[in-house]
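Residue numbers (full-length UniProt numbering), protein chains in the order written: chain A, 1 to 489; chain B, 1 to 265.
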Amino acid sequence: MSLPYILLALLILAVAGFFVGRGKALSSANGDPRILHSLPGYYGWNVVVLTLVPSLLVLIVWLIVQPAVINNHVSSMISEETAAASSLDLVMSDVARVADGLDLAVSQGAMDAEMANSIRTELTDVRGRLGQVGVALGSNVTAETLRAAQSYRGWNATGLLFRTIGVLAVAVLGFVLGVIRTNPDFRARNSVETVVRYILIAAASIAILTTVGIVLSLIFNTVEFFRLYPATDFFFGLTWSPSFGGGSELGIVPLIWATMYISLIALAVAVPIGLFAAVYLSEYATPHVRAIAKPLLEILAGIPTIVYGLFALLTVGPLLMNVFGGGGVLGVGWMQGASSVFTAGVVMGIMLIPFVSSLSDDIINAVPQAMRDGSLGLGATHSETVKQVILPAALPGIVGAILLAASRAIGETMIVVLGAGAAARLSVNPLEAMTTVTAKIVSQLTGDADFASPEALVAFALGMTLFVVTLMLNIVALYIVRKYREQYD
Amino acid sequence: MNEMPNIEQANEMTASKISADKVQVYYGDTHAIKDVDIEIEPRTVTAFIGPSGCGKSTFLRTLNRMNDTIDICRVEGSIKIDGEDIYDPKVDPVQLRAKVGMVFQKPNPFPKSIYDNIAYGPRIHGLARNKSELDDIVSSSLQKAGLWEEVKNRLDEPGTGMSGGQQQRLCIARAIAVSPEVILMDEPCSALDPIATAKVEELIDELRENFTIVIVTHSMQQAARVSQRTAFFHLGVLVEEGPTQEIFTNPKDKRTQDYITGRFG
Numbered sequence: 001m002s003l004p005y006i007l008l009a010l011l012i013l014a015v016a017g018f019f020v021g022r023g024k025a026l027s028s029a030n031g032d033p034r035i036l037h038s039l040p041g042y043y044g045w046n047v048v049v050l051t052l053v054p055s056l057l058v059l060i061v062w063l064i065v066q067p068a069v070i071n072n073h074v075s076s077m078i079s080e081e082t083a084a085a086s087s088l089d090l091v092m093s094d095v096a097r098v099a100d101g102l103d104l105a106v107s108q109g110a111m112d113a114e115m116a117n118s119i120r121t122e123l124t125d126v127r128g129r130l131g132q133v134g135v136a137l138g139s140n141v142t143a144e145t146l147r148a149a150q151s152y153r154g155w156n157a158t159g160l161l162f163r164t165i166g167v168l169a170v171a172v173l174g175f176v177l178g179v180i181r182t183n184p185d186f187r188a189r190n191s192v193e194t195v196v197r198y199i200l201i202a203a204a205s206i207a208i209l210t211t212v213g214i215v216l217s218l219i220f221n222t223v224e225f226f227r228l229y230p231a232t233d234f235f236f237g238l239t240w241s242p243s244f245g246g247g248s249e250l251g252i253v254p255l256i257w258a259t260m261y262i263s264l265i266a267l268a269v270a271v272p273i274g275l276f277a278a279v280y281l282s283e284y285a286t287p288h289v290r291a292i293a294k295p296l297l298e299i300l301a302g303i304p305t306i307v308y309g310l311f312a313l314l315t316v317g318p319l320l321m322n323v324f325g326g327g328g329v330l331g332v333g334w335m336q337g338a339s340s341v342f343t344a345g346v347v348m349g350i351m352l353i354p355f356v357s358s359l360s361d362d363i364i365n366a367v368p369q370a371m372r373d374g375s376l377g378l379g380a381t382h383s384e385t386v387k388q389v390i391l392p393a394a395l396p397g398i399v400g401a402i403l404l405a406a407s408r409a410i411g412e413t414m415i416v417v418l419g420a421g422a423a424a425r426l427s428v429n430p431l432e433a434m435t436t437v438t439a440k441i442v443s444q445l446t447g448d449a450d451f452a453s454p455e456a457l458v459a460f461a462l463g464m465t466l467f468v469v470t471l472m473l474n475i476v477a478l479y480i481v482r483k484y485r486e487q488y489d
Numbered sequence: 001m002n003e004m005p006n007i008e009q010a011n012e013m014t015a016s017k018i019s020a021d022k023v024q025v026y027y028g029d030t031h032a033i034k035d036v037d038i039e040i041e042p043r044t045v046t047a048f049i050g051p052s053g054c055g056k057s058t059f060l061r062t063l064n065r066m067n068d069t070i071d072i073c074r075v076e077g078s079i080k081i082d083g084e085d086i087y088d089p090k091v092d093p094v095q096l097r098a099k100v101g102m103v104f105q106k107p108n109p110f111p112k113s114i115y116d117n118i119a120y121g122p123r124i125h126g127l128a129r130n131k132s133e134l135d136d137i138v139s140s141s142l143q144k145a146g147l148w149e150e151v152k153n154r155l156d157e158p159g160t161g162m163s164g165g166q167q168q169r170l171c172i173a174r175a176i177a178v179s180p181e182v183i184l185m186d187e188p189c190s191a192l193d194p195i196a197t198a199k200v201e202e203l204i205d206e207l208r209e210n211f212t213i214v215i216v217t218h219s220m221q222q223a224a225r226v227s228q229r230t231a232f233f234h235l236g237v238l239v240e241e242g243p244t245q246e247i248f249t250n251p252k253d254k255r256t257q258d259y260i261t262g263r264f265g
């Protein structure tokens, strides 16, 4: 039985289990649900859980273990010389292809099952026969590969059979156990809720484990990079000039500098505008205006960053060129091209406005009405109240919001790629093109990168650096926000 | 109410600090306060009592126009303080609130230092010309609120770190600091324990010397202890108003009697 059919069978068994379990519970209570410990539905769910959970677990483990075991067995059939001639992985994938081809040939009737198991390269043109059913092989099939493939098929078929039997047996066992345990005193509700709790725990662990996995993969590659390239040169090098031919200089300083510079400009744009917008929305706007303006502002947060990038490239950049460029309004010629730190910073700032305003708005709203009353009751005007009571009270939360926006700015890529240029440069002139850590990660990993070279591995070191910086910003932000929360609880 | 002898009433008219005439308050379509007439005497404590939702807090808030901050609230009739209509368009509600201070149900010190809490009002209204004058205002306000001895060595600590009773007295000191003429108190002791309550009541009694005080309370014992005059509200109507002694011992209205003897409310 193939996988979809097994799942279908489990599902049918589970649905049947629900009704059987519920029915048995009701009949054991003589149709009076008040005698039961739990609602009848819980007894049904209990059978469902016992049917599905153990059998699905067996299935998952089987799906992971079986290919590994079979691969192990079959690869032992491959002789040392063959393995040495090309790599074992390549031979094994050939074996798998031939085995798949034989399966296909059997299913299309080009061979019968007996023949698939007995054909020999000495007697049959296997490549030709498989070609007829649409399986193209790169080279002629060797006797060894064919034997391995046939054995592979055999193992797979056996595995499939045992998998089907095993999984269904566990499911039926669970089903029966669930039905047997169903009696009016059985605490079905509690046991179902326990299972639900474990499911929730499993979901949470997956999220956390994924994070750990990401960090680990970054760390391994970063360590690999530092083995090839000295860490001091990476962290303190002032030049970024990778060349895949060798002799690269991979100093992070110009990239970090541009990242910080752009983020700073972005925050200089986003913080005042976002904060003022938040104060207006939460303190002065009538409910009607607020109901319209707040969602509109939050639409900004939903625009894909690549669109902001286009905006930077096609609108803001040329606009700045018209002002600061050679033939511009000011006639100063400070700006050489549309791409610049300033262009990217301004556009990124626009992107961040809703972050700052939305979070700050929530935080300002969380300041208790009692604070406003207290201040107004002393004869303060509304703006004095905002300035001297509400903003100071909300300040820690606002700082948290700004830090979250900052970590967004540091990690932003598309706006930088399109708006800031591609040349790594150390300069204080915001109208010059520079490039950031994220943009360089993209450029180091796109194209024909050899993953063993420092020029490609540096991307992981860059990513790790960025990860650490944003992680620290987030921790600080969370700490501040939490401290703020305690104030009024 | 017109239940007192005419001569006595006439005397009160001339001397009253606040006089309300046919005051109506609406929240949207709800008629929350109906036809309230009351004279509040200077340098006395007047208590507003009544069951929850009877409008006593709403009426209190009309006296310094705190209801202005609620969009759907509408006030009709006239309320005069020292003969001046506070709902006249010429009156700045912000100035009015400096003159008619307010203390709220829950202590609401600002998340600032004790010193800054007290100095907040004087700074806004420019009452002090220099730092030493401000220091004087802070210390004298705290002294009047009976808090000076407890906090004089920790003026730069946050006001939110004090106990509930201290916080409420801090809020009273904060209200005193802008030298108001009237102090409105909206159930100032409802969040306090009996000991803190006793201290605040003692303070209210002392403040009577310099300020006109209107206090809303749910505790009839408290009304009896601190007030000289009591007004009983019921369903948005001022049922009865008179000397506290009289209201509690010899109420004229059946509803007042029922309320103070605990038969409803």
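Virtual Cβ for every residue (Gly too), placed ideally from N, Cα, C.
- residue 195(A) and residue 49(A) closer than 8 angstroms at C-beta: yes
- Message: Looking at chain A, is there any beta carbon in it that lies within less than 8 angstroms of the beta carbon of residue 146(B)?
- Response: no
- Message: Less than 7 angstroms between C-beta atoms, sequence neighbours within five positions excluded: which residues of the same chain meet that for residue 418(A)?
- Response: 309, 310, 312 and 313
- Spatial neighbours of residue 477(A) within its chain, please: CB distance less than 7 angstroms, with the 5 preceding and 5 following residues excluded, ordered by chain position. 400, 403 and 404
- Item | Under the three-state DSSP convention, the category residue 166(B) falls into | helix
- Taking residue 381(A) as the query, report the chain B residues whose CB atoms sit under 7 angstroms from its CB, ordered along the chain. 94
- Local conformation of residue 135(A) per DSSP, three classes: coil
- Message: If we define contact as Cβ-Cβ less than 8 angstroms, is residue 104(B) a contact residue for chain A?
- Response: yes
- Can you tell me whether DSSP reads residue 61(A) as helix, strand or coil? helix
- Message: Can you pull the chain B neighbours of residue 291(A), defined as C-beta to C-beta under 7 angstroms?
- Response: None at all; the shortest Cβ gap to chain B is about 14 angstroms.
- Does the beta carbon of residue 108(B) sit closer than 8 angstroms to a beta carbon anywhere in chain A? yes
- Query: From this set, 393(A), 347(A) and 16(A), which residue's C-alpha is nearest residue 305(A)'s C-alpha?
  - Reply: 347(A)
- residue 384(A) CB to nearest chain B CB: under 8 angstroms? yes
- Query: Taking C-alpha atoms, which residue in 36(B), 52(B) and 47(B) lies nearest to residue 184(B)?
  - Reply: 47(B)
- Item | Interface flag, residue 389(A) vs chain B, CB-CB below 8 angstroms | yes
- Give a yes or no on whether the C-beta atoms belonging to residue 320(A) and residue 342(A) are separated by under 8 angstroms. yes
- For residue 124(B) and chain A, any beta-carbon pair shorter than 8 angstroms? yes
- Message: Against chain A, does residue 112(B) count as a neighbour if the rule is that its beta carbon must be under 8 angstroms from one of theirs?
- Response: yes
- Task: Run down chain B in chain order and give the residues with a C-beta less than 8 angstroms from the C-beta of residue 285(A).
- Result: Correct list: empty, because the minimum Cβ distance to chain B is about 12 angstroms.
- Query: For residue 156(B), which option in 117(B), 186(B) and 190(B) has the closest C-alpha, if you only look at C-alpha atoms?
  - Reply: 117(B)
- Message: So, at 8 angstroms on beta carbons, what are the nonlocal neighbours of residue 297(A) in its own chain, with the 5 sequence-adjacent residues on each side left out?
- Response: 277, 281, 353, 354, 357 and 358
- Item | Extent of the continuous alpha helix (DSSP H) run through residue 279(A) | 253-279
- Item | Nearest neighbour of residue 207(B), chosen from 177(B), 218(B) and 123(B) [CA to CA] | 177(B)
- For residue 229(B), the residue or residues it bridges with in DSSP: 46(B) and 243(B)
- How would you list, in chain order, the residues of chain B whose beta-carbon sits under 8 angstroms from the beta-carbon of residue 348(A)? By Cβ distance, chain B contributes nothing, its closest Cβ being about 33 angstroms from residue 348(A), past 8 angstroms.
- Whose CA, out of 397(A), 144(A), 182(A) and 388(A), lies closest to the CA of residue 18(A)? 182(A)
- For residue 222(B), count neighbouring Cβ atoms within 10 angstroms of its own Cβ and tell me buried if that reaches 16, exposed if not. buried
- Message: Using beta carbons (cut-off 8 angstroms, strictly below), is residue 515(A) in contact with chain B?
- Response: The requested residue 515(A) is not part of the displayed model; chain A covers only 1 to 489.
- Message: Counting only C-beta atoms, is residue 489(A) closer than 8 angstroms to chain B at any point?
- Response: Because residue 489(A) carries a pLDDT of 41, less than 50, the predicted location of this residue cannot be relied on, and the following value inherits that uncertainty. Chain B, which has no Cβ nearer than 8 angstroms to the Cβ of residue 489(A), makes this no.
- In chain D, which residues lie with their C-beta within 7 angstroms of the C-beta of residue 174(B)? Annotation note: the requested chain D is absent from the structure, which comprises protein chains A and B.
- Proximity test, Cβ basis, 8 angstroms: residue 366(A) and chain B: no
- Message: If I measure Cβ to Cβ from residue 238(A) and keep anything under 8 angstroms in the same chain, skipping five residues before and after, which residues do I get?
- Response: 251, 253, 254 and 426
- Name, please, each residue of chain B whose Cβ falls closer than 7 angstroms to the Cβ of residue 370(A). 104, 106 and 108
- Item | Top-ranked residue by Cα proximity to residue 300(A), from 289(A), 270(A), 318(A) and 324(A) | 270(A)
- Message: Tell me the rounded alpha-carbon separation between residue 147(B) and residue 169(B).
- Response: 7 angstroms
- Within 10 angstroms of the Cβ of residue 432(A), are there 16 or more other Cβ atoms? Answer buried if so, exposed if not. buried
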